[in-house]
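Chemist: Dumping the structure here so I can ask a few things about it.
Protein chains: 2
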Amino acid sequence: MTELASHPTQAASAWFFDFEQALRAHKLEAAMALFDADCYWRDLVSFTWNISTQEGPAAIKAMLQARLADVQPHNFQIEGQATEADGVIDAWFTFETAVARGRGHARLKNGKCWTLLTTMTELKGYEEKKGAQRIKGAEHGVHPGRKTWLEERQHEQATLGFETQPYVLIVGGGQGGIALAARLRRLGVPTLIVEKNEKPGDSWRKRYKSLCLHDPVWYDHLPYMPFPDDWPVFAPKDKIGDWLEMYTKVMELNYWGSTTCKKATFNEARQEWEITVDREGREVTLRPKELVIALGVSGYPNVPKVPGAESFEGDQFHSSKFPGAENYRGKKAVVLGSNNSAHDICAALWEEGVDTTMIQRSSTHIAPSESLMELALGGLYSEAAVKSGIDHHKADLIFASVPYKIMHTFHIPVYEEMKKRDADLYGRLEKAGFLLDFGVDGSGLFMKYLRRGSGYYIDVGASELVANGSVKLKSGVNIAQIKPKSVVLTDGTELEADLIVYATGYGSMNQWLADLISPEVADRLGKVWGLGSDTPKDPGPWEGELRNMWKPTNVPHLWVQGGNLHQNRHYSQFMGLQLKARYEGIPTPVYGQAQVHHLR
Amino acid sequence: MTELASHPTQAASAWFFDFEQALRAHKLEAAMALFDADCYWRDLVSFTWNISTQEGPAAIKAMLQARLADVQPHNFQIEGQATEADGVIDAWFTFETAVARGRGHARLKNGKCWTLLTTMTELKGYEEKKGAQRIKGAEHGVHPGRKTWLEERQHEQATLGFETQPYVLIVGGGQGGIALAARLRRLGVPTLIVEKNEKPGDSWRKRYKSLCLHDPVWYDHLPYMPFPDDWPVFAPKDKIGDWLEMYTKVMELNYWGSTTCKKATFNEARQEWEITVDREGREVTLRPKELVIALGVSGYPNVPKVPGAESFEGDQFHSSKFPGAENYRGKKAVVLGSNNSAHDICAALWEEGVDTTMIQRSSTHIAPSESLMELALGGLYSEAAVKSGIDHHKADLIFASVPYKIMHTFHIPVYEEMKKRDADLYGRLEKAGFLLDFGVDGSGLFMKYLRRGSGYYIDVGASELVANGSVKLKSGVNIAQIKPKSVVLTDGTELEADLIVYATGYGSMNQWLADLISPEVADRLGKVWGLGSDTPKDPGPWEGELRNMWKPTNVPHLWVQGGNLHQNRHYSQFMGLQLKARYEGIPTPVYGQAQVHHLR
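So the sequences go chain by chain: A and V. Per my numbering, residue 19 is the first one in the first sequence, and the count goes up by one each step. Per my numbering, residue 19 is the first one in the second sequence, and the count goes up by one each step.
In structure tokens, the structure reads:
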């Protein structure tokens, strides 16, 4: 390291100068001397053609050894000014590889690298046509026989899936499929979305009517087209539905609604999928090269098999089918479950004057929305963050820069603070018998989301109803039996009921893959989601990244896109680039392909 | 002025310090001493509740005398850094009045003000709910009987115009009506648009199929929601149509398609309009307080009455009804006119192999698109401008800061340059017999647009066809007579024809007002558009602003919104604020109400 390194930016520049020298010369020892013993390198497809984190010097060295000749990293440049706080220098940088341009973030401690993030932003020669590179639109000059934009678009829509085949078929036209299709559209990769609902946005519209987003607006933007600046903090479901429909149209996505997938088979000889779909009653066979499952990381609704359920004379629904509370005014409802949907539905029922009981089977993490916004998300996704220069693009990268291995250590203090701040509510909930937790290690909501995708409620009001008894609570029990007009709990209590709602979550996406393709292929792909944290519902061994998400799986040409709006926005960028590279025939050797440890 | 004024920002700060002192103390002589003898103050509703320019010291002094006590201007603050070039200091500033906040721009010469622009940005206490002030969306907590966003929106749509009345009715649902309605929606003013076409965007979709915007994308954004950064430079008409339809939906505008206005009367006793409309065959009477005409500054299509027209055996259309060239392959067409539509249609016909003749009646200004973009618009509306910090918000204010009285002096050098740059094309056009002009004073396209709204073609290729004879040209003539299979020109030439297109423009909007309301009211409102420049089609006396546009007219409660996308975006802000003030009962004494000098 040079002697100039007194200012953080100079220090970071010096580090990258040395780093680049070492990499260019393939001097791995020199490169590794620049890393702290406690070090992490997270790469989003720029070095590894994978989404992977190398944890510790040995793993980093092995990755460099394998990839350096191919990647040819160079032209590392500090972006803006580096900053220093608590002995850690934060630096943004850009870089190039043989085939791509990238952007990254580093944290340096004592002149050594603690965390490094490298991400691909664009493939050289295949940049998006935006800004100064945008198309003209009107082709000036005169062109006999020219087609208008409308004619070309109509021709594409009429022929895609018939005379021409999509390169990528996306199954599932919710936010995940739509975000990815927008990326692929920009990159010029022929893509088709198939969706069982009639229109984009219907998967939101069809949910219970009181539903609003639980994440704030700054976290929820789709790629390329941010929400207007008067968009509500928590958008109502139908407004999001309309936005998705509009977005699909103006982004010119190819979207087949009312289309269900019947069967998918990979034809090894032709190296393409054969996918039979039912499009509005007409059977069509699609032959894409790549198949993306974008069904929201879940499988079928979990509906517990309870003795006597078929004898029930009232209505019973899984939460995903719950039509709304209006029809149950003055009646009695039992809601099984205690996560987000259960709470939302209990509140909606209570608001309509329904006598409502929540059945809590096991402990739940409650994160009051205000506290979550201020303590957990505010620094990255808020109006204040935007004002301080952290828009959602930058926030996504900061978010991505924290290795999963140590992410919980960033979160634990947040929830320690939340416990103090919301002590009154937590105390009253416990008094009412509610079983609380903050995750096994106190790391709270987001870690639960990553590890198991469940086990929490972002409190937007229903916890008060539980605490004050407006919504009745039975905790530590389950439903043992259902009678024509009541449910009997495992502690013997019998509750009269006109309505039962099973807010019991969803199974694994693999159920769905097993039916669509085959149980063997579903098993070859393995469990989806979770980090391997060896915490409840997230068995080890440690994976270091979300299983199978947005990266090559063990089933060639089969991909999984999904997550919340933030993840769909950010990771669709890397899914898009991976698929574009394959479309253009750019070699994409995958480093560190994850093994499958859990079948479903 | 203080002695510190060596840096432009210090000089501008010192000027505004002195200016504010003088205004606060109502010392008009002191204030006027700060202005150059050659001075202009353009105000967009912040001082005058009008869109008006005071030209020269006497006019400025009179305005201050009349308005100062009421406006109470204060808190002038320089925004960013002032700059100096060629002895002129450019400064941005913010300020407040008794009821509003504003933003402005000043040009100072030798320490005195040459041009001053003041604009209102928001009314105090009635700010738009955006950014940190945005609504929550989800109302946290529990609210028995709460309505969802969808229920409220559906209720509004079902009742508006029936149980409840819009405060503002906008007649015309093109870009002008839509932009204004979006502003009013944000400001919470109940508004309804009525439009004769079925859907938003149809007024674009229904035009000739080769139509693309003639202005580049940076100039064309709607309020609040910019086009994505891959939007084409020149958007095709159907893409704009889709965007307008989407925009109307996501902005939650109340829009009645397939609705025609039959009759409008102002009820003096009730101080409201009574407007009979036909909505999909059902007659509805609407009772708004304010009526906005947003029909694009034109009236009915001009179709010249030519002897024998009724005997013509081919097709004849006004350009607004021209369906496209496909059906005329191998046939003969005559296009009357030589402005934008005439050129576009001639090119489309030629591309389809139609034998096409353009009839040029009088001289036309040709501005090659590339040159126009680079020489005239590039500094304000281009990717380069955006990169240098001039986004369209800032560009709109810079554009607005040039007083109309001296605007031509800013434009003449641009067109001098264009004459040189495109000398080859111009030479070949003249050789082909085309009658060229650059406006009577050489000030080119935009001044022609402001003065008369016609007389030019933004060349996107058709001029080459005229120059090389692909499109035949007859200039300095008109059609004298139409026979069953031909047209006879005023010079005696007879041209065979299967198709005649009248690209002959539109009449005055007053024709339409005369029919809808009454000829008397149309005359009371007077001529719309034009500056009073005493140039062809824009008779004097000098008005200094566009007649009747976006400001109070001589008919109380009757307003005109329109223009190109840039104007609709920018001036809708001021229309919105004027209407909001009236809706909230804020006094809006209009200073300098323009007189009517020309009836139609």
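By construction, the Cβ of each residue, glycine as well, lies at the ideal position given by its N, Cα and C atoms.
Let's see if you can read the secondary structure: which residues bound the alpha helix (DSSP H) around Phe284/A?
Modeler: Taking the first residue of the first sequence as position 1, residue 284/A is located at position 266. Here Phe284/A belongs to no alpha helix (DSSP H); instead the beta strand (DSSP E) covers 277-285.
Chemist: Go ahead and pull the three-state DSSP assignment for Leu22/V.
Modeler: To locate residue 22/V, count along the second sequence from 1; it is residue 4. Bear in mind that a pLDDT of 48 at Leu22/V, under 50, signals an unreliable position, so the model cannot answer this.
Chemist: Can you tell which of Gly580/A, Phe94/A, Gly155/A, Val212/A has the C-alpha that lies nearest to the C-alpha of Gly120/A?
Modeler: Here residue 120/A refers to the residue found at position 102 of the first sequence. Checked all of Gly580/A, Phe94/A, Gly155/A, Val212/A; the closest Cα to Gly120/A is Phe94/A.
Chemist: From the beta carbon of Tyr242/V, is the nearest beta carbon of chain A less than 8 Å away?
Modeler: In the second sequence, the residue the question calls residue 242/V occupies position 224. Tyr242/V counts as touching chain A.
Chemist: Between the C-alpha atoms of Leu86/A and Pro75/A, what's the straight-line distance to the nearest angstrom?
Modeler: Position 68 of the first sequence, counted from the first residue, corresponds to residue 86/A. Position 57 of the first sequence, counted from the first residue, corresponds to residue 75/A. The alpha-carbon atoms of Leu86/A and Pro75/A are separated by roughly 15 Å.
Chemist: If you measure between the beta carbons of Ala521/V and Ser359/V, is that distance less than 8 Å?
Modeler: Here residue 521/V refers to the residue found at position 503 of the second sequence. Here residue 359/V refers to the residue found at position 341 of the second sequence. Result yes, Cβ atoms of Ala521/V and Ser359/V sit closer than 8 Å.
Chemist: At a threshold of 7 Å, does Arg223/A count as lining the ligand SAH (C-beta to nearest heavy atom)?
Modeler: As far as ligands go, the structure on display features none, and thus does not contain the ligand SAH.
Chemist: Pull up the distance between the alpha-carbon of Pro605/V and that of Leu597/V, whole angstroms please.
Modeler: The sequence position of residue 605/V within the second sequence is 587, counting from 1. The sequence position of residue 597/V within the second sequence is 579, counting from 1. Straight through space, the alpha carbons of Leu597/V and Pro605/V are spaced by roughly 11 Å.
Chemist: When the Cα of Ile500/A is compared with those of Lys142/A, Val324/A, Glu370/A, Leu271/A, which residue comes out closest?
Modeler: Within the first sequence, the letter at position 482 stands for residue 500/A. With distances taken between Cα atoms, Ile500/A lies closest to Val324/A.
Chemist: As a quick exercise: from Ala118/V, Ile424/V, His615/V, pick the residue whose alpha carbon is nearest that of Thr133/V.
Modeler: Taking the second sequence and counting its residues from 1, one reaches residue 133/V at position 115. Among Ala118/V, Ile424/V, His615/V, the Cα nearest to that of Thr133/V belongs to Ile424/V.
Chemist: For Gln499/A, which beta-bridge partners are listed by DSSP?
Modeler: Position 481 of the first sequence holds residue 499/A. BP columns for Gln499/A point to Val506/A.
Chemist: I need the straight-line Cα distance from Ala282/A to Gln151/V, nearest angstrom please.
Modeler: Within the first sequence, numbered from 1, the residue matching residue 282/A stands at position 264. Within the second sequence, numbered from 1, the residue matching residue 151/V stands at position 133. Computed Cα separation, rounded: 49 Å.
Chemist: Please classify Arg288/V as buried or exposed, where buried requires at least 16 other C-beta atoms within 10 Å of its C-beta.
Modeler: To locate residue 288/V, count along the second sequence from 1; it is residue 270. Exposed.
Chemist: Under 8 Å between beta-carbons, which chain A residues line up against His161/V? List them in chain order, please.
Modeler: The sequence position of residue 161/V within the second sequence is 143, counting from 1. Chain A residues near His161/V: Glu369.
Chemist: Using beta carbons (cut-off 8 Å, strictly below), is His25/V in contact with chain A?
Modeler: Counting from one through the second sequence, the residue named residue 25/V turns up at place 7. Cβ-Cβ to chain A under 8 Å: no for His25/V.
Chemist: Can you check whether the C-beta of Cys230/V is within less than 8 Å of a C-beta belonging to chain A?
Modeler: Taking the first residue of the second sequence as 1, we reach residue 230/V at position 212. Interface residue, yes.
Chemist: In angstroms, rounded to a whole number, what distance separates the CA positions of Arg201/A and Glu270/A?
Modeler: Within the first sequence, numbered from 1, the residue matching residue 201/A stands at position 183. Within the first sequence, numbered from 1, the residue matching residue 270/A stands at position 252. Going by the C-alpha atoms only, they are around 11 Å apart.
Chemist: What in chain A is Cβ-close to Gly407/V, meaning under 9 Å?
Modeler: If you number the second sequence from 1, residue 407/V lands on position 389. Here the premise fails: no neighbours, minimum Cβ distance about 15 Å.
Chemist: So which residues of chain V does Asp233/A contact, with C-beta pairs closer than 8 Å?
Modeler: Here the question's residue 233/A lines up with position 215 in the first sequence. Within chain V, no residue comes near Asp233/A; the closest Cβ sits about 11 Å away, beyond 8 Å.
Chemist: Hey, quick one: how far does the beta strand (DSSP E) through Tyr524/A stretch, first residue to last?
Modeler: As a first step, residue 524/A is located in the first sequence; it is residue number 506 there, counting from the start. First-last of the beta strand (DSSP E) with Tyr524/A: 524-526.
Chemist: At a Cβ threshold of 8 Å, is Ser338/A touching chain V?
Modeler: For the purposes of this step, residue 338/A is taken as residue 320 along the first sequence, with counting starting at 1. No, because no Cβ of chain V sits closer than 8 Å to the Cβ of Ser338/A.
Chemist: What residues in its chain sit with their C-beta under 8 Å from that of Tyr239/V, if we drop five residues either side in the sequence?
Modeler: By one-based count along the second sequence, residue 239/V stands at place 221. Reading the sequence as shown, one finds His at residue 239/V and not Tyr. So the qualifying residues of the chain are Phe245, His410, Leu583, Arg587.
Chemist: Would a check of beta-carbon distances place Thr283/A closer than 8 Å to chain V?
Modeler: Mapped onto the first sequence, residue 283/A falls at position 265. So, not an interface residue.
Chemist: Check the Cβ-Cβ distances between Gln613/V and every residue of chain A, and say whether any is below 8 Å.
Modeler: Here residue 613/V corresponds to residue number 595 of the second sequence, with the count starting at 1. It does not: the Cβ of Gln613/V has no partner Cβ on chain A nearer than 8 Å.
Chemist: Just to make sure I have the definition right: I need the residues of chain V whose C-beta is within less than 8 Å of the C-beta of Asp247/A. Which are they?
Modeler: Residue 247/A sits at position 229 when you count from the first residue of the first sequence. Under the 8 Å cutoff, chain V gives Lys148, Gly149, Arg152, Tyr242.
Chemist: DSSP three-state label for Val578/V, please.
Modeler: Working through the second sequence from its first residue, we reach residue 578/V at position 560. Of the three classes helix, strand and coil, the one that applies to Val578/V here is strand, per DSSP.
Chemist: Does the contact criterion of 3 or more C-beta pairs under 8 Å hold for the segment 340-348 of chain V versus the segment 368-383 of chain V?
Modeler: yes
Chemist: For Trp261/V, return the contacting residues in chain A, with the cut-off set at a CB-CB distance below 7 Å.
Modeler: Here residue 261/V is taken as the residue at index 243 of the second sequence, counted from 1. Within 7 Å Cβ-Cβ: Val268.
Chemist: Look up Ser70/A in the DSSP assignment and give the residues it is bridged to.
Modeler: Mapped onto the first sequence, residue 70/A falls at position 52. Note: Ser70/A sits in a beta bridge opposite Asp61/A.
Chemist: Spatial neighbours of Asp459/V within its chain, please: C-beta separation below 6 Å, excluding the five flanking residues on both sides.
Modeler: Position 441 of the second sequence holds residue 459/V. So the list reads His426, once near-sequence residues are dropped.
Chemist: For the segment 384-402 of chain A, list every residue whose C-beta sits within 7 Å of some C-beta in chain V, in sequence order.
Modeler: Ser387, Glu401
Chemist: For Thr166/V, would you say it is in contact with chain A, using Cβ-to-Cβ distances shorter than 8 Å as the test?
Modeler: Residue 166/V sits at position 148 when you count from the first residue of the second sequence. It does; some Cβ of chain A falls within 8 Å.
Chemist: Please tell me whether Arg446/V has its Cβ less than 8 Å away from any Cβ of chain A.
Modeler: By 1-based counting over the second sequence, the position of residue 446/V is 428. Not closer than 8 Å to any Cβ of chain A, the Cβ of Arg446/V fails to qualify, so no.
Chemist: What does Arg305/V reach in chain A if we use C-beta pairs closer than 7 Å?
Modeler: Locating residue 305/V in the second sequence gives position 287, where the first residue counts as 1. By Cβ distance, chain A contributes nothing, its closest Cβ being about 28 Å from Arg305/V, past 7 Å.
Chemist: Within a Cβ cutoff of 6 Å, which residues of the same chain sit near Thr20/V, ignoring the five residues on either side of it in sequence?
Modeler: Position 2 of the second sequence, counted from the start, is the residue given in the question as residue 20/V. Unreliable placement is indicated for Thr20/V, whose pLDDT of 44 sits below 50; the coordinate value is still reported in the next sentence. The residues are Ala32.
Chemist: By DSSP, does Ser493/A sit in helix, in strand, or in coil?
Modeler: Here residue 493/A refers to the residue found at position 475 when the first sequence is read from its first residue. Of the three classes helix, strand and coil, the one that applies to Ser493/A here is strand, per DSSP.
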